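Enquirer: Under this note's numbering, the residue at position 123 of the sequence shown is numbered 893, and the numbers go up by one with no gaps. Quick reminder that beta carbons are idealized off the backbone N, C-alpha and C, glycines included. This structure is a prediction, so every number in the text was calculated from the model and none was measured. What follows is a single structure, and I will ask about it in a moment.
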Amino acid sequence: MIRLLMNHRSFRNYSGQSVEPWKLKTIIEAAQAAPSWVNGQQVSMIAVRSEERRQQLSALSGNQKHVAEAPVFLVFCMDFHRAKLAAELEGQPFETVADIDALLVGATDVGIALSNAVAAAESLGLGIIPIGGVRRNTAGVIELLQLPEYVFPVVGLCIGYPAGEQPKGSRLPIAAVYHEEVYNPDQQHLIEEYNETHRELLKSQGLTERSWTSMIARFYALNPQYGDSQRTLKQQGFTCENLNKE
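Written out as structure tokens, the structure is:
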């Protein structure tokens, strides 16, 4: 398992081979087995195998062709719809979505479930790549997948058999992300060193050399607000009203 986790690759090209139903079921069961806040299981997964729907999701995700090409596209949603039903069944008020902590809980639960799904898929010989692009046009995704109130798409996952090999990506030095007792303030020095590692990896792959910082800085400069979530979160019932009462 450790070797599997340390050997992660992201695949953007898939063969025409379909994913066996039992493998998809295993991935879903592994994701569902993940821990969740108060065992609320605030996650739903929607498997999209229809070519037409995958094409639509590809367009909604910023025209990422691998979303359409992967035989299975899983959309992970934070889901408080069941919690709302539980409140109604028990005659209790349902006010958690007025608190911003609901967003933290939902996104965290999705992230843990996604991680389990990735590990399960890779253990079965499948290739994957997570797709944050589902948040570019969440209004379109919500309509396409007919998501009820209190359900919100957070991330997608392409799943399929890789069409070829993919080199392993580089990572920041462990000193940049692992801290003992208190946060390590020496981040600039560490990322400057990492810039060189990143350039060398790109060069070895015959790709355009650029620093990691230039890539990250450009992305966040061009995407100060990513997608339409600010509007659609409220539309789906996540008002975070309590934040404005501070």
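Would you grab the beta carbon distance between ALA887 and LEU844 for me? Rounded to a whole angstrom, and I think it's under 8 angstroms.
Expert: Yes, they are in contact, since the Cβ atoms of ALA887 and LEU844 sit about 7 angstroms apart, within 8 angstroms.
Enquirer: Throw me the rounded Cβ distance for the ILE797 and ILE929 pair, which I believe falls under 8 angstroms.
Expert: 7 angstroms between Cβ atoms; contact.
Enquirer: What's the gap between the Cα of SER984 and the Cα of TYR990?
Expert: Roughly 10 angstroms separates the two Cα atoms.
Enquirer: Looking only at DSSP bridge pairs, what is ASP956 linked to?
Expert: DSSP lists no partner for ASP956.
Enquirer: Kindly indicate the opening and closing residues of the alpha helix (DSSP H) around MET848.
Expert: Segment 842-849 is the beta strand (DSSP E) holding MET848; no alpha helix (DSSP H) there.
Enquirer: Just confirm the distance between the C-beta atoms of ARG782 and HIS836, as a whole number of angstroms; I'd bet it's less than 8 angstroms.
Expert: So it is a contact: roughly 4 angstroms between Cβ atoms.
Enquirer: I need the DSSP call for MET815, collapsed to helix, strand or coil.
Expert: Three-state result, MET815: strand.
Enquirer: Taking only three categories from DSSP, how would you classify LEU927?
Expert: Note: LEU927 maps to strand in three-state DSSP.
Enquirer: Report yes or no: do three or more beta-carbon pairs, one from the segment 843-859 and one from the segment 810-828, lie closer than 8 angstroms?
Expert: Verdict: yes, contact present.
Enquirer: For ALA868, which of LEU830, TYR920, GLN862 and LEU915 has the nearest alpha-carbon?
Expert: Among LEU830, TYR920, GLN862 and LEU915, the Cα nearest to that of ALA868 is on TYR920.
Enquirer: Enumerated in chain order, which unbroken segments of the alpha helix (DSSP H) with a length of 4 residues or greater are wholly contained in the segment 869-952?
Expert: For the segment 869-952, whole alpha helix (DSSP H) runs of length 4 or above, ordered along the chain, are 871-893, 908-915 and 944-947.
Enquirer: Please classify ASN809 as buried or exposed, where buried requires at least 16 neighbouring CB atoms within 10 angstroms.
Expert: With fewer than 16 other Cβ atoms within 10 Å, it is exposed.
Enquirer: Taking Cβ to Cβ, would you say GLU963 is nearer than 8 angstroms to PRO943?
Expert: Cβ distance < 8 angstroms, so GLU963 and PRO943 count as in contact.
Enquirer: Using a 10 Å radius around the Cβ and a threshold of 16 neighbouring Cβ atoms, would you call VAL842 buried or exposed?
Expert: Buried, because 16 or more other Cβ atoms sit within 10 Å of the Cβ of VAL842.
Enquirer: Could you give the distance in angstroms between the alpha-carbon of ARG969 and the alpha-carbon of TRP982?
Expert: Answer to the nearest angstrom: the Cα atoms are 8 angstroms apart.
Enquirer: Are the CB atoms of VAL875 and VAL924 nearer to each other than 8 angstroms?
Expert: Cβ atoms of VAL875 and VAL924: not closer than 8 angstroms.
Enquirer: Kindly indicate which three-state DSSP category TYR784 falls into: helix, strand or coil?
Expert: Strand.
Enquirer: From the DSSP output, in three-state form, read off GLN834 for me.
Expert: Of the three classes helix, strand and coil, the one that applies to GLN834 here is coil, per DSSP.
Enquirer: In or out: ARG1021 buried (at least 16 other Cβ within 10 Å) or exposed?
Expert: Residue numbering for the chain in the displayed model covers 771 to 1016; residue 1021 lies beyond these limits and cannot be assessed.
Enquirer: Quick one: is LEU977 buried, meaning 16 or more other Cβ sit within 10 Å of its Cβ, or exposed?
Expert: Flag for LEU977 reads exposed.
Enquirer: Could you tell me if THR939 is buried or exposed, where buried requires 16 or more neighbouring beta carbons within 10 angstroms of its beta carbon?
Expert: As written in the sequence, residue 939 is Gly, which differs from the Thr given in the question. With fewer than 16 Cβ atoms within 10 Å of its Cβ, GLY939 is classed as exposed.
Enquirer: Measuring only the C-alpha atoms, how far is GLN826 from THR967?
Expert: Cα-Cα distance, rounded: 37 angstroms.
Enquirer: Can you tell me whether HIS959 is buried or exposed? The criterion is at least 16 other CB atoms within 10 Å of its CB, across all chains shown.
Expert: With fewer than 16 Cβ atoms within 10 Å of its Cβ, HIS959 is classed as exposed.
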